[in-house]
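Report on the structure given below.
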Amino acid sequence: MHVLRLSALLLLFLQLGLRAQDAAPPPPAVFTVTEPGGGTFEYRLTFLRDTPKHTVYQVSYPSPVHTDLESNNTIPGEYYLPHGIQPGDPQRPAVICLHILGGNFELVRLLCAVFADRGIPAIMFKLPYYGERADRGAYRLLQTDANVFTQALQQTTADIERTMHLLASRPEVNPDRIGISGISLGAIVGATACGKLPNVWRAGLILGGADLDTILHHARETRALSQFIEAQPPAERERIARVIAELDPAHYPDRLRAMGQAGRILMVNATDDEVIPRSCTDKLAAAAGVTDQVVWLDGLAHYTAMAALPGIVQQLGDFFAQDLPPGTVPPPEPEAAVLPPEHRLARFVRELLALIGPSPAAGHCLLAKLQGEVKDPKGKVQNGQLELVRGDGEQFRLACRLPQVGGLALGNGDIPWLQSDQGRCFVGETGNGSGRALASYLNPQLLLKARVVWGALSAMTVSPNAFRDYLTVTVRKAEDGRDILDIDLHHRHAKGHGELLFAADGVTPDALRFTAPDGLSGTVRFQQWQPDTVAPDGLFHAPATDTKPVPREDLYRMFAAVFAFAGESVQ
């Protein structure tokens, strides 16, 4: 066994060395795994892609459960191997990542990438009847036939156990430190696996719960399954209920509680979850003995929890990184100018999102000065300018000139202020306010939408490769030698082409050109772009000339109206 582990690690080390020399990807490799019961199976590992901090391999292996649908009997997955692992290094923890009910794999790929970038090997696989494991007809049965659904859940636990055996055979993986992480459905089946399987070490369960029967009859996403069950004769309904009960995480409280009491279960849930009822979350937390340790996302629901996704993945990374060998450091950050195209775009988007995200450190600011030109499908051209400076807390300065608005400047330093196009500056008087912060005047629904968009895009910048099905980015040289990123967006809800031109340093954006399928096109020029700079004294103060004092609340309401108009304009 030790010889096999060393051979496998040397093979991967050689493969990584070959790719470092820009050689062709290595051929697929086949490995044999001996399971605890004495049986064996083979898995195939095929190079898929390199990222700055990890390598992704396609992996396939047989399911231990044989079904009538042949394609469902092979488990397809992806293995994320951190860079920098050397022969003889201490073994590391590993994580099995499980996807959501809808069959979208971007989130689970994101989890794998986050773990790998922290130095933790991770694997995702497609659950029974998902992806290439089933045709469309079989997938519809999974959504509408409770018998197929329960059979798939039973097979899922067996597939998880086999995946644990695969990871335990890897030379870089500590077989006693294999964990599970999942979102929504992935959290539910992951919790069941924790209860049924003896060797799950750690679990990160996001938006999950227990009492599977209640969830099935409550959630809109499982309405067809609920109707199928309700249409069955009483004896069949009882049989299905017994099977569902045996698959429920709360049916196996002993191992769950042992993990929870040892601090090896992390639960993150939304206070307003419309898919997983609060009572179901409470039942899982009680079964695991972590009722007082659940991380609650206040004011968020099942889908708007996307707003908190960057923080969630950070928590998960910290949670599983506790088992890394002492002295292990994550793979190093590469130079920005030599990042792969997707990651260069991600870096730019991350800087862009910083303008509307958490405030910078005290004494620092974020500054963007943009000039734009937009041409509609009929050829009409409109021009605009925007300057935005974000400071610590609620400090900001915004100046714009837009076709439908004209010139306007507003800001918030020690006091709020607004300057009209004619030069008159309205200043909020100090000491006459109600004590309410600016954010309390903004439209809550608009704020929530902004948080969700910010969270989704922020998550995308963490692992841009996870979204390759929706986005293609390539790099080419302009005539003057500068780099241009060609961006093709082919998501079903958003399509278009963009060209991001960098300055000579290869990092600072210079211009962004875009075209949309409806004929809309335009150019944004970056006159100033400083994602982190020192904020000079007085930067956010009101202009000192032609001022007129007004109630602070009036200015905050005007700010809210301006932000609401901006939000409606970009929807």
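Sequential numbering from 154 applies to the sequence shown in my numbering. Virtual Cβ for every residue (Gly too), placed ideally from N, Cα, C.
Query raised in the report: If F679 sits next to D699, beta carbons under 8 Å apart, how far is it from one beta carbon to the other, in whole angstroms?
Result: 31 Å between Cβ atoms; not a contact.
Requested in this report: Name the one or two DSSP bridge partners that C265 has.
Outcome: DSSP output for C265 lists no bridge partner at all.
Query - Cα-Cα separation between M277 and Y232, rounded to whole angstroms - result: 7 Å
Query raised in the report: Expressed to the nearest angstrom, what Euclidean distance is found between the alpha-carbon atoms of L505 and S224?
Result: 43 Å
Query - Proximity of G362 and C433 at Cβ, strictly below 8 Å - result: In contact: G362 and C433 (Cβ atoms closer than 8 Å).
Query raised in the report: What span of residues does the alpha helix (DSSP H) with G290 cover, start to end?
Result: Unbroken alpha helix (DSSP H) run through G290: 289–297.
Query raised in the report: Do the CB positions of L492 and L638 come within less than 8 Å of each other?
Result: no
Query raised in the report: Over what stretch of residues does the alpha helix (DSSP H) that includes T204 continue unbroken?
Result: T204 -> no alpha helix (DSSP H), and no H or E assigned at all.
**Report entry** Contained alpha helix (DSSP H) runs [length at least 4] in the stretch 467–530, N- to C-terminal order
**Finding:** 494–507
Query raised in the report: Just how far apart, CA to CA, sit S611 and C347?
Result: If you take the alpha carbons of S611 and C347, they lie about 30 Å apart.
Query raised in the report: Of the choices D298, D407, A461, whose alpha-carbon is the least far from that of T345?
Result: D407
Requested in this report: Have a look at P684 and G510 and give me their C-alpha separation to the nearest angstrom.
Outcome: 12 Å
Requested in this report: Could you tell me whether the Cβ atoms of V443 and M459 are closer together than 8 Å?
Outcome: no
Report task. Work out the CA separation of P386 and T208 for me, nearest whole Å. Result -> 51 Å
Requested in this report: Check whether the Cβ atoms of T310 and V396 lie closer than 8 Å to each other.
Outcome: no
Report task. Flag this pair as yes or no: are the beta carbons of L523 and L539 separated by less than 8 Å? Result -> yes
Report task. Assuming I359 contacts G335 (C-beta within less than 8 Å), just tell me the rounded distance between them. Result -> 7 Å
Query - Test: R666 CB closer than 8 Å to a CB of chain D - result: No chain D appears in the structure shown, which is made up of a single protein chain.
Query - Alpha-carbon to alpha-carbon, T457 and N300 - result: Distance between the alpha carbons of N300 and T457: 31 Å.
**Report entry** Pairwise C-alpha distance: Q681 and A521
**Finding:** 5 Å
Query raised in the report: If we call anything under 8 Å between Cβ atoms a contact, is P463 one with V660?
Result: no
Query raised in the report: Considering only residues of the stretch 523–575, which uninterrupted alpha helix (DSSP H) runs meet the minimum length of 4 residues and lie entirely inside it, listed in chain order?
Result: Complete alpha helix (DSSP H) runs here, min 4: none at all.
Query raised in the report: Less than 8 Å separating the beta-carbons of F549 and F693?
Result: yes
Requested in this report: Could you check what DSSP says for T273 in three-state terms: helix, strand or coil?
Outcome: According to the sequence displayed, residue 273 carries Ile and not Thr. Three-state DSSP puts I273 in coil, outside helix and strand.
Query raised in the report: Hey, quick one: how far does the alpha helix (DSSP H) through V605 stretch, first residue to last?
Result: 597–615
Query raised in the report: Nearest-angstrom Cα distance between K648 and P670?
Result: Those two C-alpha atoms are separated by around 7 Å.
**Report entry** Pairwise C-alpha distance: R410 and L437
**Finding:** 10 Å
Requested in this report: Would you mind giving the Cβ-Cβ distance between L198 and I253, rounded to the nearest angstrom? I have them listed as a contact below 8 Å.
Outcome: That pair is no contact at about 25 Å.
Report task. Identify whether I249 lies in helix, strand or coil by the three-state DSSP scheme. Result -> strand
Query raised in the report: Within the chosen definition, does the stretch 253–264 reach the stretch 180–195 through at least 3 CB pairs nearer than 8 Å?
Result: Touching, no, given that fewer than three Cβ pairs across the two stretches are closer than 8 Å.
Query - H371 versus C265: straight-line alpha-carbon distance, rounded - result: 30 Å
Requested in this report: Out of E486, E374, G272, point me to the one whose CA is closest to D242's CA.
Outcome: For the residues E486, E374, G272, the minimum Cα distance to D242 belongs to G272.
Query raised in the report: Helix, strand or coil: how does DSSP classify P430 here?
Result: coil
Query raised in the report: What span of residues does the alpha helix (DSSP H) with T375 cover, start to end?
Result: T375 -> no alpha helix (DSSP H), and no H or E assigned at all.
**Report entry** Those runs of the beta strand (DSSP E) which lie wholly inside the stretch 315–397 and span at least 3 residues
**Finding:** Qualifying beta strand (DSSP E) stretches, in chain order: 326–336, 356–359.
Query - Bounding residues of the beta strand (DSSP E) (the contiguous stretch that carries G651) - result: 647–655
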